[in-house]
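Engineer:
2 protein chains.
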Amino acid sequence: MAWYQVKGNEADVVFSSRIRFARNLEGYPFGERLSAEKAKEIIDLTAKALGDAFKRTDMEDISPLAAEALVEQHLCSRDFAAVKGPHALFRDDNKSISVMTCEEDHIRLQCILPGLALQDAYRFAAECDDKLDAALPIAYDEKLGYLTHCPTNLGTGLRASVMLFLPALSENGMISSLAHQLSKLGLTIRGLYGEGSKSYGGLYQISNQVTLGLSEEEILHKLADAVQNIIKKERELRAAPTGEAALRRADRIHRAEGVARHATLLSSEEFFKLFADLKLGVALGEITSLSHESLHAMLIHALPATLSMQSATTPKSAIERDAARAAFIKQAWEVQNT
Amino acid sequence: MAWYQVKGNEADVVFSSRIRFARNLEGYPFGERLSAEKAKEIIDLTAKALGDAFKRTDMEDISPLAAEALVEQHLCSRDFAAVKGPHALFRDDNKSISVMTCEEDHIRLQCILPGLALQDAYRFAAECDDKLDAALPIAYDEKLGYLTHCPTNLGTGLRASVMLFLPALSENGMISSLAHQLSKLGLTIRGLYGEGSKSYGGLYQISNQVTLGLSEEEILHKLADAVQNIIKKERELRAAPTGEAALRRADRIHRAEGVARHATLLSSEEFFKLFADLKLGVALGEITSLSHESLHAMLIHALPATLSMQSATTPKSAIERDAARAAFIKQAWEVQNT
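Protein chains in written order, with the numbering used here: chain A, 82 to 419; chain B, 82 to 419.
#1: Using beta carbons (cut-off 8 Å, strictly below), is V95/A in contact with chain B?
#2: Work out the CA separation of V87/B and H377/B for me, nearest whole Å.
#3: If the cut is a Cβ gap below 8 Å, which residues of chain A does E325/B touch?
#4: Is the Cβ of T395/B closer than 8 Å to any Cβ of chain A?
#5: Could you please give me the residues that DSSP links to A103/B through a beta bridge?
#6: Whole angstroms are fine: how far does the CA of S257/B sit from the CA of A249/B?
#7: Quick one: what's A169/B bridged to in DSSP?
#8: According to DSSP, what are the bridge partners of N289/A?
#9: Using the rule of at least 16 other Cβ atoms within 10 Å of the residue's Cβ for burial, across every protein chain shown, is A307/B buried or exposed?
#10: Which value, in whole angstroms, describes the spacing of the CA atoms of R316/B and P385/B?
#11: Could you name the residues that DSSP lists as bridge partners for I219/B?
#12: If we count the other Cβ atoms within 10 Å of its Cβ and call it buried at 16 or more, is T419/A buried or exposed?
#13: What are the residues that DSSP puts in a beta bridge with Y281/A?
#14: If we cut at 8 Å on Cβ distances, does T419/B have a partner in chain A?
#15: Can you pull the chain B neighbours of A404/A, defined as C-beta to C-beta under 8 Å?
#16: Interface residues of chain A around A344/B at Cβ under 7 Å?
#17: What are the boundary residues of the alpha helix (DSSP H) that includes R342/B?
#18: Measuring only between beta-carbons, confirm whether S375/A sits less than 8 Å from chain B.
#19: Hey, F205/A and C192/A: beta-carbon distance below 8 Å or not?
#20: To which residues of the same chain is A220/A closer than 8 Å at the C-beta, ignoring the five residues directly before and after it?
#21: Can you tell me whether H343/B is buried or exposed? The criterion is at least 16 other CB atoms within 10 Å of its CB, across all chains shown.
#22: Which of helix, strand or coil does DSSP assign to S98/B?
#23: Identify the continuous alpha helix (DSSP H) that holds R38/B and give its terminal residues.
#24: Identify, in the order they occur along the chain, each residue of the same chain with its Cβ nearer than 6 Å to the Cβ of M82/A, setting aside the five sequence neighbours on each side.
#25: Can you list, in chain order, the residues of its chain with a C-beta nearer than 6 Å to that of L115/A? Leave out the 5 residues immediately preceding and following it.
#26: For the alpha helix (DSSP H) that contains S251/A, what are its first and last residues?
#27: If you draw a straight line from the alpha carbon of A407/B to that of I334/A, how long is it in whole angstroms?
#28: Who are the Cβ neighbours of E297/B in its own chain at under 6 Å, not counting the five residues just before and after it?
#29: Is the CB-CB distance between E184/B and V164/B below 8 Å?
#30: Let me check understanding here. Comparing Cα to Cα, which of D201/B, F161/B and A216/B lies closest to I100/B?
#31: Could you compute how far the alpha carbon of Q412/B sits from the alpha carbon of A404/B?
#32: Looking at the unbroken alpha helix (DSSP H) that takes in K119/B, where does it start and where does it end?
#33: Taking contact to mean at least 3 C-beta pairs separated by less than 8 Å, is the region 176–183 of chain B in contact with the region 118–136 of chain B?
#34: Tell me the rounded alpha-carbon separation between G362/A and G282/A.
Written as structure tokens, this is what we have:
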């Protein structure tokens, strides 16, 4: 079962938690100066270090559509999927671990888990990192810490992030002031697909901006504290509407269910909006025909590439894709009711 | 069972057929010159002429809400409901006949039937008219025919009308050219509630403009022919969309079903729009969970006064009425599925 199909903690607000380490090997050049031959060496060394629990995908062997689907499922980064030349993805689905080789850094290791689970994600990622550390000549400097291609990843090389569902903060226009507060803590808030991406479906990613000068524990604590405050605030705002405002919100939520269950064409843009109303509906107990995890899976599976990959015939036009998406969304209820 | 709950002919295009006669009694003044005492005389004479099959409602004894509900159900006219002074409605529900006394004319007699049924409606109305003729001093002039308060009703005193559902003609912007053609035939097209009223839910009323100089048979034939042509044109236009246009129309129809089944607040304005899409969906076979007659009943019962009359507690605000309407609409599916 994929990470997003599993019930997580604080699922009414938290979509996922992710830990990522950036690691590099001594004696190998970075980025464009890394030859195809040397890249293959890194991939093979990593494969050996990780062992049989990891499934290897040589990205040059899969279609752009399959690569895009991995991005949509948060199993690798968009930059990684776009790399020219040899690069491979290793996955241990049991522990939700992905290891990307030969992206910007030689190795990027991530663990993504559903719900609020920073500590578990950190533990799984660190175990895997120890394995790599023991087998590979990881570049490390006593003063600078882990050496990385981009200086913003120096030090711990740790990026911890939490994907939050913040419809009430968003509706109340509080995201920009939240961003301002977070930046003072060395944290940053972004849309669904990382840096520069726009928010979809009320989802926002909060992560640490600073990797140097703080211990891994300090980074995790700072992020976890901020997330707890945001969860509290979001829940308070959700509980606030009464009277007519509450009736209007409930109506909006039930209409979203009506459209999701009956529309025969659904653009991904509209679906993101429906997702936000459906998820709020589940959180408020207005919608009982879905669970948070079924909605999370629906969100991922309705994205263009993942949707196309799972269709019997690949949709050939926008309208065919919108029809496939609508047909797929409807199933979420049919599956649950059988 | 009310007239609108029964399956009619050509129900995909025809909502209802109506025949109305205007009659007056010799020796009684018209309109404002008619005293309360004389009005009561007319009411009592009519009651006696009609006999026991008719149920009498003295309009001064019922609430404005109950009167408005009768208007919504097309059982009396809006003008009749607004009359000051004694006026009474007589109904023979078996034959869908209403007799309004002391409106603009002393007596207005109508028969309304579901679907295309001008001949039946005429037959039932004429039977009743014969009964009145035999018992009452009906004002009749050899040259002018039946004498009426307003000269536009002189002659036969007959108004025949058919309520049509014309979403395709309407969407294709063809209603005004249709109105022009009809006027050349001495016919007129109006919205749901008669003269001057706007169209709701794709419904249009076609009726004869002229009552003098034509026989009753000629009036009926002219209207029936025009209606047959309109039905044919409307069906052709509905069958025309293919490809993406057909997919988009189907999506719109299914969304209407989704909103009707899930919304918790529904204004009557929005409901009229939904009604049009739902009815088109039933006509096209896209929606199989409803019948034309259940939709017709839904339309009438969702109107403000009828809705309030059937609610356990009378809604006190617009939002309460919208909530009651949404709850009521939903039931259409629940009732059918049990």
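The beta carbon of each residue, even a glycine, is placed where N, CA and C say it ideally should be.
Keep in mind it's a predicted model, so treat the numbers as computed, not measured.
Structural biologist: On the basis of the coordinates in this document:
#1: no
#2: The straight-line gap from Cα to Cα measures roughly 9 Å.
#3: Those within 8 Å of E325/B in chain A are I400.
#4: No, no contact with chain A.
#5: DSSP, once it has assigned bridges, lists R189/B as partnering A103/B.
#6: Distance between the alpha carbons of A249/B and S257/B is about 13 Å.
#7: D139/B and T182/B, per the DSSP bridge assignment.
#8: N289/A has L268/A as its beta-bridge partners, per DSSP.
#9: Buried.
#10: Rounded to the nearest whole angstrom, the C-alpha separation of R316/B and P385/B is 31 Å.
#11: L106/B
#12: Residue confidence for T419/A is low, a pLDDT of 47 falling below 50, so the modelled location carries little weight; the figure read from the coordinates is stated next. It is exposed - the Cβ of T419/A has fewer than 16 other Cβ atoms within 10 Å.
#13: L284/A
#14: Residue placement at T419/B is flagged as unreliable, the pLDDT there being 47, under the threshold of 50; a coordinate-derived value is accordingly withheld.
#15: L328
#16: D332, H335, R336 and G339
#17: G324 to H343
#18: no
#19: In this structure, C192/A lies closer than 8 Å to F205/A by Cβ.
#20: R104, N105, L106, E107, Y227 and L228
#21: buried
#22: If DSSP states are grouped into helix, strand and coil, S98/B belongs with the strands.
#23: Lying outside 82 to 419, the shown extent of chain B, residue 38/B is not represented and no answer is given.
#24: Excluding sequence neighbours, M82/A sits near nothing in its chain.
#25: None.
#26: P248 to E252
#27: CA-CA distance, A407/B to I334/A, rounds to 14 Å.
#28: T237 and L239
#29: yes
#30: D201/B
#31: Computed Cα separation, rounded: 13 Å.
#32: A117 to L131
#33: yes
#34: For the pair G362/A and G282/A, the Cα-to-Cα distance works out to about 13 Å.
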